[in-house]
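The working numbering applies: residue 8 is where the sequence shown begins, and numbers increase by one. Note that CB positions come from ideal geometry on N, CA and C, so glycine has one too. Worksheet: one structure, shown below.
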Amino acid sequence: MNEAGIYVHYPFCERLCPYCDFAVKVKKVIPEEQYTTAVLNEIKKSSKEWSHFKFKTLYLGGGTPSLWSGFGLGRLFEGLDSRFDLCLDEITIEANPKDIQTENLEKWSTLGIGRVSLGVQSFSDVYLKKLGRNHNGEDAKQALEKLNRYGFSISADLIFAGPGQTLEEFSSDLEIMGDYVDHISAYALTIEENTVFWKQKKAGILALPTDEIEDAFFDLRDEKLSRIGFARYEVSSFSRGVEHQANHNSGYWLGRPYLGLGIGAHSMLRTPTQIQRRANTRSLKKYYEEPEKYREVEIVSAQDHAFERMFLAARTRFWFSPKEILSSFASLGDDFVIACESVFNRFSEVHIERAGDSYRLTSRGLDISDSIGKALAEKIR
Ligand code: SF4
């Protein structure tokens, strides 16, 4: 039985953050019943094709899935349970600090949700305002305290090097975070096309740090998190011990198939004869009408899939073996294995460790993962 993960997208948010380019809808009244019914419909239609998978992780992302009512989530879980082979060892929900209310925590526990990915971003009220967030630092602290009291496993997101943030503010964010959580995703703000920040940047009215200062943010993140007991195991992910690593996201990095449900959700399906990447429509209207009709489907060549597997593995500290990865693609042959290994062998032991046929980035190697990916692309793509 093949193992896989499920991602369910809940697209609704109370307002649009100025840096966001996710599949998000801001509605005065959330059409929850209609959306949940549409997701259940997609589940029903997907069940046959995904019947030979055992699902190990479930991730509710968004948008703001912490706005999903207990009734709606109950319907979703029933639908998943009745149609798929669930053997879940991790269920995660993304949450806004404002939604960490007793009622929500109780219903999440009842449903078996044990992990919360909290969108903290910072504890500085000034900076949170600049990021356009609807919570403040105190909301985030209270949410973290409450999640701890209820025994949830917590991952928290921090966005650094955004408009006007100082190194002192970020340093304090990291320090505070260390008191509450065992997993942190900390990434630099990226300005995505057509967002409000993108327009402000183009107009020259967005105060972003220089490249030099941004580098100082990265150094501060890595040094401070290491000092307070976090190990970096992926370019932006840190955990206190292997047991706190994110299983669902690790599945993406290790090439595990995943089923994405809801608008804008992506899937990667592997059958004995084919690998497909799929992207659901971002339009609610089209999704309600007929998701399959508007889904983009790409057949991935063995070469592209092998490249992607190694590219993603080389953004983590997990061991990977090109020989083993490529053994399931007979068409690629031994020359392809040799070509891949020659790329990894080119980097010194300071950046890539070796043990037999296997490779693993060192923590310093994570800093140059972009260059390693580029070298791999030049050689085998
Ligand atoms: S809360 Fe998250 S998903 Fe919603 S608009 Fe803000 S960044 Fe986007």
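beta-carbon residue i near the ligand ZN non-hydrogen atom, thresh 8 Å
i      : result
Gly267 : Looking at this structure, you won't find the ligand ZN anywhere; what it does contain is the ligand SF4.
Whether residue i touches residue j by CB criterion (9 Å)
i      : j      : result
Leu196 : Leu232 : no
Tyr14  : Gly68  : yes
Gly139 : Asn103 : no
Asp364 : Ser328 : yes
Phe130 : Ile166 : no
Ala238 : Ser370 : yes
Leu112 : Lys148 : no
Gly236 : Gly185 : yes
Ala30  : Tyr295 : no
Gly380 : Phe325 : no
Gly12  : His251 : no
Asp92  : Lys61  : yes
Asp164 : Ser246 : no
Thr43  : Gly79  : yes
Leu291 : Trp57  : no
CA-to-CA distance, residue j to residue i, given in whole angstroms
i      : j      : result
Gln41  : Ser178 : 44 Å
Gly271 : Pro18  : 9 Å
Asp226 : Gln128 : 18 Å
Ile37  : Glu299 : 23 Å
Val350 : Ser257 : 23 Å
Pro170 : Ile212 : 10 Å
Ser73  : Ile120 : 12 Å
Tyr240 : Tyr259 : 14 Å
Cys94  : Ala210 : 50 Å
Asp132 : Glu97  : 32 Å
Thr323 : Thr288 : 30 Å
Pro25  : Pro279 : 43 Å
Ser378 : His358 : 11 Å
Ile387 : Asp341 : 13 Å
Glu176 : Pro216 : 14 Å
Arg234 : Gly372 : 19 Å
Ala253 : Glu221 : 26 Å
Gly144 : Ile107 : 14 Å
Ala223 : Thr173 : 11 Å
Asp311 : Ala362 : 25 Å
Leu135 : Ser376 : 30 Å
Val203 : Arg22  : 13 Å
Asn201 : Ala337 : 43 Å
Arg122 : His16  : 16 Å
Lys52  : Leu118 : 23 Å
Thr64  : Phe159 : 16 Å
Glu385 : Phe354 : 15 Å
Ala320 : Ser308 : 18 Å
Glu230 : Lys137 : 26 Å
Arg228 : Glu297 : 45 Å
His59  : Ser335 : 18 Å
Glu208 : Asp218 : Note that residue 208 corresponds to Lys in the displayed sequence, not to Glu. Roughly 15 Å between the two C-alpha positions.
Asn352 : Lys35  : 55 Å
6 Å CB neighbourhood of residue i in its chain, flanking five on each side removed
i      : result
Glu199 : Asp28
Arg285 : Ser274, Arg302, Val304
Ala382 : Val350
Cys20  : Val31, Val33, Gly70, Thr71
Lys293 : Tyr301
Tyr66  : Tyr14, Thr99, His255
Lys114 : Gly77
Tyr157 : Leu112
Cβ neighbours of residue i in the same chain (closer than 7 Å, five flanking residues each side left out)
i      : result
Tyr187 : Leu151, Asn155, Ile161
Lys105 : Asn141, His142, Asp146
Ile50  : Gly86, Leu87, Arg90, Leu268
Ser243 : Ser192, Ala193, Tyr194
Arg316 : Gly262, Ile332
Lys330 : Val344, Asp364
Ala168 : Ala195, Leu196, Pro216, Glu221, Phe224
Cutoff 8 Å; reference residue i; Cβ partners in own chain excluding five residues on either side
i      : result
Leu47  : Arg82, Leu83, Gly86
Leu333 : Ala313, Leu339, Phe343, Val344, Cys347
Ile306 : Gln281, Ile282, Gln283
Trp205 : Ile198, Glu199
CB-CB length for residue i against residue j, believed under 8 Å
i      : j      : result
Glu10  : Arg263 : 6 Å
Thr99  : Ser116 : Rounded, the Cβ-Cβ distance is 14 Å, inconsistent with contact.
Arg367 : Glu360 : 5 Å
Glu39  : Ser76  : 6 Å
Closer than 9 Å to chain E by CB, residue i
i      : result
His142 : In summary, chain E is missing from the structure at hand, where a single protein chain is found.
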